[in-house]
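K.L.:
Counted the way mature numbering (1 follows the signal peptide of the UniProt record, and there is no 0) counts, the sequence shown spans residues -31 to -1, 1 to 332. Built from N, CA and C at the ideal position, the CB exists for glycine as well. Quick one: the structure is below, questions incoming.
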Amino acid sequence: MKSSTRSPGARNSVLAAALALAGLAAQPAAAEERAKDLFGAEKLPTATAAQSFGFYSKGCFSGGVAIPMDGPTWQVMRPSRNRRWGHPALIALIERLSRDAVADGWPGLLIGDIAQPRGGPMLTGHASHQIGLDADIWLTPMPDRTMTRAQRETMSATLMVDEKTHLVKDALWTPQHTALLKRAASYPQVERILVNPGIKKKLCDTVKGDRSWLRKIRPFWGHDYHFHMRVGCQPGSPNCKAQEATPDDDGCGKPLAWWFTQEPWRPNKNPDAPKARDLMMMANLPKECRAVLDAPGPASAEAATYHGDTVPIAVAAPAPEPEAPSLPAVTASSAAGLPSALNAFTATPEVGVPVPRPRPPAK
Ligand SMILES: [Zn+2]
């Protein structure tokens, strides 16, 4: 394969050239811009190969695709936020989870925030969700009708946890909730699932038989009406920073008990202090994120909407200038993680990692 013969040094020099094209060196002032203002203003992804840069809470991504507003087994919530974008491998996995969950007896997924079109820090909410590999999924079952736009903006989610005791409300929790989390944890690409400590405790107290998947279920503040599914760095993203592996045990012992002490719930002494996302400048993000901001986009959101294996991903809009784009152009095959001469950044895909691939033409 072509890309396997290219040395890492050669790849870095291609990257350096691409960044130079993007004018990185010529714009020192741009590095002082607040990253969330720039990334929060992006309406469309880059029409380039899918790649994550940096860490879940400090990075960006290229080649994002949108999950369609509706599928047979899901509906997107809060569409006005424009956060239904992710790495194609994550979007494909959410769709798969929605089908598997329905087969398990869950009525369908309500999809919360995934990422901004080019990731990066958000104007509001979430410290993570920056590199296209995090998704929030509601713990409220999907209604059996297609909701209007207005309903998706205003329908409230069901809070599953009592705010005072931090325990799950028993009248609301069902075996289907457990099955949904177990299914999400079953995929090898999923490294962590964040839930409220009360939900973790409910699982610790009730799951019988195979408990190995509890390792991936991690207690965290919030996450009382949704769970947060995080997948690992994908092939073709050499500059994606992996998160430390979770400990090997089920996490039901001491670390969980800490959540049921006073300590995690003490009022914030300085609630008005700026958050990390408020302070993050372009200079704090991986340098490739400047090129991500400057890269060309597709003609429309629809052109970058993921429609399973049959439709090419993220077709670029006609370039206004003849010069080379700052990130390599994408083709359906490169977006699918396959080697492509056009895609100088894409590393050789690892064998056995499921990424969307084009379906062979019908015979
Ligand atoms: Zn989340």
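Less than 9 Å between the beta carbons of Lys185 and Val159, yes or no?
P.N.:
As a first step, residue 185 must be located in the sequence shown, where it is residue number 216. As a first step, residue 159 must be located in the sequence shown, where it is residue number 190. Yes, Cβ-Cβ distance for Lys185 and Val159 is below 9 Å.
K.L.:
Taking the beta strand (DSSP E) that Trp43 falls in, what are its first and last residues?
P.N.:
The residue given as residue 43 occupies position 74 in the sequence shown. Per DSSP, Trp43 belongs to the beta strand (DSSP E) from 43 to 45.
K.L.:
Express the C-alpha separation of Met249 and Arg3 in angstroms, rounding to a whole number.
P.N.:
Start at 1 with the first residue of the sequence shown, and residue 3 comes out as number 34. Start at 1 with the first residue of the sequence shown, and residue 249 comes out as number 280. Each residue's alpha carbon lies about 6 Å from the other.
K.L.:
Taking all protein chains shown into account, decide if Ala304 is buried (16 or more other Cβ within 10 angstroms of its Cβ) or exposed.
P.N.:
Start at 1 with the first residue of the sequence shown, and residue 304 comes out as number 335. For Ala304, the predicted model reports a pLDDT of 39, less than 50, meaning its position is unreliable; a value from the coordinates is still stated below. By the 10 Å Cβ count, Ala304 comes out buried.
K.L.:
Around ligand 1, which residues pass a check of Cβ closer than 6 Å to any of its heavy atoms?
P.N.:
His95, His98, Asp103, Asp105, His197
K.L.:
So is Gly178 buried or exposed if we call it buried at 16+ other beta carbons inside 10 Å?
P.N.:
For the purposes of this step, residue 178 is taken as residue 209 along the sequence shown, with counting starting at 1. The residue in question, Gly178, is exposed, as its Cβ has fewer than 16 Cβ neighbours within 10 Å.
K.L.:
Could you round the C-beta distance between Trp43 and Ile80 to whole angstroms and report it? I think they count as a contact, below 8 Å.
P.N.:
One-based indexing of the sequence shown puts residue 43 at position 74. One-based indexing of the sequence shown puts residue 80 at position 111. Your pair Trp43 and Ile80 checks out as a contact, with CB atoms roughly 6 Å apart and the cut at 8 Å.
K.L.:
Short check: CB of Ser97 to CB of His195, under 9 Å?
P.N.:
As a working note, residue 97 is residue 128 in the sequence shown. As a working note, residue 195 is residue 226 in the sequence shown. Contact flag unset, no.
K.L.:
Count the other C-beta atoms from every protein chain shown that fall within 10 angstroms of the C-beta of Tyr275, then say buried if there are 16 or more, exposed otherwise.
P.N.:
Locating residue 275 in the sequence shown gives position 306, where the first residue counts as 1. Burial call: buried.
K.L.:
To the nearest angstrom, report how far apart Pro144 and Asp131 are at their CA atoms.
P.N.:
By 1-based counting over the sequence shown, the position of residue 144 is 175. By 1-based counting over the sequence shown, the position of residue 131 is 162. Computed Cα separation, rounded: 19 Å.
K.L.:
For Phe24 and Lys210, I'd like the C-alpha separation in whole angstroms.
P.N.:
Your numbering for residue 24 matches position 55 in the sequence shown. Your numbering for residue 210 matches position 241 in the sequence shown. Taking the straight line from one Cα to the other gives about 5 Å.
K.L.:
Any chance you could list the beta strand (DSSP E) runs of at least 3 consecutive residues sitting entirely within the segment 13 to 87, in chain order?
P.N.:
20 to 24, 27 to 31, 43 to 45, 78 to 80
K.L.:
If you follow the beta strand (DSSP E) that Phe8 is part of, which residue opens it and which one closes it?
P.N.:
Translated into positions along the sequence shown, residue 8 becomes position 39. Run containing Phe8: none in the beta strand (DSSP E); it sits in the alpha helix (DSSP H), 4 to 9.
K.L.:
Over what stretch of residues does the alpha helix (DSSP H) that includes Val261 continue unbroken?
P.N.:
Counting from 1 along the sequence shown, the entry for residue 261 is found at position 292. It spans 257 to 263 - the alpha helix (DSSP H) in which Val261 sits, taken as one unbroken run.
K.L.:
From the DSSP output, in three-state form, read off Asp113 for me.
P.N.:
By 1-based counting over the sequence shown, the position of residue 113 is 144. Coil.
K.L.:
Once you ignore the five residues that flank Ile83 on each side, which residues in its own chain have a CB closer than 8 Å to its CB?
P.N.:
Locating residue 83 in the sequence shown gives position 114, counting from the first residue. Same-chain partners within the cutoff: Ile36, Arg52, Arg53, Trp54, Gly55, Leu59, Ile60, Ile63, His98, Gly101, Asp103, Ala104, Asp105.
K.L.:
If we ignore side chains and look at the alpha-carbon of each, how far apart do Pro110 and Leu13 end up?
P.N.:
The residue given as residue 110 occupies position 141 in the sequence shown. The residue given as residue 13 occupies position 44 in the sequence shown. If you take the alpha carbons of Pro110 and Leu13, they lie about 29 Å apart.
K.L.:
If you draw a straight line from the C-alpha of Leu128 to the C-alpha of Lys5, how long is it?
P.N.:
The residue you call residue 128 lines up with position 159 of the sequence shown. The residue you call residue 5 lines up with position 36 of the sequence shown. Here the alpha carbons of Lys5 and Leu128 stand approximately 29 Å from one another.
K.L.:
For Pro236, name the three-state secondary structure that DSSP assigns.
P.N.:
For this step, residue 236 is matched to residue 267 along the sequence shown. Here Pro236 sits in coil by DSSP.
K.L.:
Measure how close the beta-carbons of Gln85 and Gly9 come, nearest whole angstrom, since I'm counting them as under 8 Å.
P.N.:
Here residue 85 is taken as the residue at index 116 of the sequence shown, counted from 1. Here residue 9 is taken as the residue at index 40 of the sequence shown, counted from 1. Indeed, because the Cβ distance is near 7 Å, the residues count as touching under 8 Å.
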